[in-house]
Amino acid sequence: MSLPNGLYQIAFTQEQLLTAIELRPGAPLVILPPDGDLAQTWQVSSNGNGGHTISLPGTPSQVSYDGEPDMHELAILEPAPREWALLPGTERDTYFISVPNAPMRLGMSLLRIYPPRVALAPEYGDPYQAWTFRNVS
Numbered sequence: 718m719s720l721p722n723g724l725y726q727i728a729f730t731q732e733q734l735l736t737a738i739e740l741r742p743g744a745p746l747v748i749l750p751p752d753g754d755l756a757q758t759w760q761v762s763s764n765g766n767g768g769h770t771i772s773l774p775g776t777p778s779q780v781s782y783d784g785e786p787d788m789h790e791l792a793i794l795e796p797a798p799r800e801w802a803l804l805p806g807t808e809r810d811t812y813f814i815s816v817p818n819a820p821m822r823l824g825m826s827l828l829r830i831y832p833p834r835v836a837l838a839p840e841y842g843d844p845y846q847a848w849t850f851r852n853v854s
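When the letters of the sequence shown are read in order and numbered with the numbering used here, they come out as residues 718 to 854.
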């Protein structure tokens, strides 16, 4: 089932959300608990052919990474659209945020820093790689 266009909070765990702590190109994406002062609501838009963009509402900022996909590449905000494949997970409202035509998905970085960074991770079928999309529109 395809995810409808709309506004979502994207949760990595029940308590932690995909978060932009700065609204500038190249700003890191992290995973943090809900915080009304941080950008934690995302616009998900389908291109109609299985691809999706994930952006901050009212801005040109998109969930992206620098250059070509590379294992463990950190996720950042960028103004240029970046297409993602949203593949249904095993639980309700969960999706793997995958790089089209590459065996990589968005997940938690291996860096041991706080707040945890988001990065491209190998596609290994772990259900914990799926993100929960909570509609807020």
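Just so you know, even glycine gets a beta-carbon here, dropped at the ideal spot from N, CA and C.
Just so you know, these numbers come straight off a predicted model, no measurement behind them.
From the listed residues Ser781, Arg741, Ala756 and Gly743, the smallest Cα separation to Ala728 is found for Ala756. Within its own chain, the residues whose Cβ lies closer than 8 Å to the Cβ of Asp752, once the five positions on either side in sequence are excluded, are Thr736, listed in chain order. Taking C-beta atoms as the reference points, Glu795 and Pro742 count as a pair closer than 8 Å. With contacts defined as CB atoms closer than 8 Å, Thr776 and Glu800 fail to qualify as a contacting pair.
Put simply, of Asn722, Ala797 and Ser781 the residue whose alpha carbon is nearest the alpha carbon of Gly765 is Asn722.
In the structure shown, Gln731 falls within a coil segment according to DSSP collapsed to helix, strand and coil. For Thr758, no beta strand (DSSP E) encloses it, and the DSSP letter there is neither H nor E. Between Arg822 and Glu840, the beta carbon gap of about 5 Å places them in contact (Cβ cut-off 8 Å).
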